[in-house]
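The next block holds one structure in the form of structure tokens; read it before the comments.
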Amino acid sequence: METEEKTLEINPKECEPQECMAALLPVRDALEILSGRWKLPILIALSDRPKRFKEISKDINGITDKMLSKELKDLEINKLVSRKVYDTFPPKVEYSRTEHSLSLINVIMALKDWGTLHRKEIIGK
Numbered sequence: 001m002e003t004e005e006k007t008l009e010i011n012p013k014e015c016e017p018q019e020c021m022a023a024l025l026p027v028r029d030a031l032e033i034l035s036g037r038w039k040l041p042i043l044i045a046l047s048d049r050p051k052r053f054k055e056i057s058k059d060i061n062g063i064t065d066k067m068l069s070k071e072l073k074d075l076e077i078n079k080l081v082s083r084k085v086y087d088t089f090p091p092k093v094e095y096s097r098t099e100h101s102l103s104l105i106n107v108i109m110a111l112k113d114w115g116t117l118h119r120k121e122i123i124g125k
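If you count the sequence shown from 1, position 45 lands on 45 in UniProt numbering, and the numbers rise without skipping.
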């Protein structure tokens, strides 16, 4: 079975450096939004249902409360996570993935596939 080779719409040999860099801005944006150690694990922790802060913290081994709070705020700003505050005492807050975050499923799977190939190439596993 032959694999279809995909090419970037931008050929660095055929465009001026400024044009090429401008065309890659969406890629840089995406990498910046998802960069870091914790954003993808947070999205995965929220994939099955909305969760409270401590539930997310328990699901992600090694993350501090301060870092979780920061990353949740970043994900909320980028409309990948929503925060719902209930009018109760004590206040109840739940976090969930947004519809927009579901558009990342294919991206995450493609990164997983590439990461698997890369691991085999580099360390043979």
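Quick reminder that beta carbons are idealized off the backbone N, C-alpha and C, glycines included.
This one's a predicted model, so the numbers in the text were calculated from it and none came from an experiment.
Reference residue i, options the options, closest by Cα
i, options, result
"residue 36", "75, 79, 82 and 98", "75"
"residue 109", "44, 70, 85 and 54", "44"
"residue 46", "115, 26 and 97", "97"
"residue 112", "89, 85 and 40", "40"
Unbroken alpha helix (DSSP H) run spanning residue i, endpoints
i, result
"residue 14", "Segment: none, residue 14 is in no alpha helix (DSSP H) and carries neither H nor E."
"residue 41", "39-45"
Simplified DSSP assignment, three categories, for residue i
i, result
"residue 125", "coil"
"residue 118", "helix"
"residue 28", "helix"
"residue 79", "coil"
"residue 4", "Reliability of the predicted coordinates at residue 4 is poor, the pLDDT of 49 falling under 50, and no value is obtained from them."
Span of the beta strand (DSSP E) around residue i
i, result
"residue 97", "92-97"
8 Å contact criterion, which residue i and residue j should meet: CB distance rounded
i, j, result
"residue 51", "residue 94", "7 Å"
Within-8 Å CB hit, residue i to chain B
i, result
"residue 90", "The structure shown has no chain B; it contains just one protein chain."
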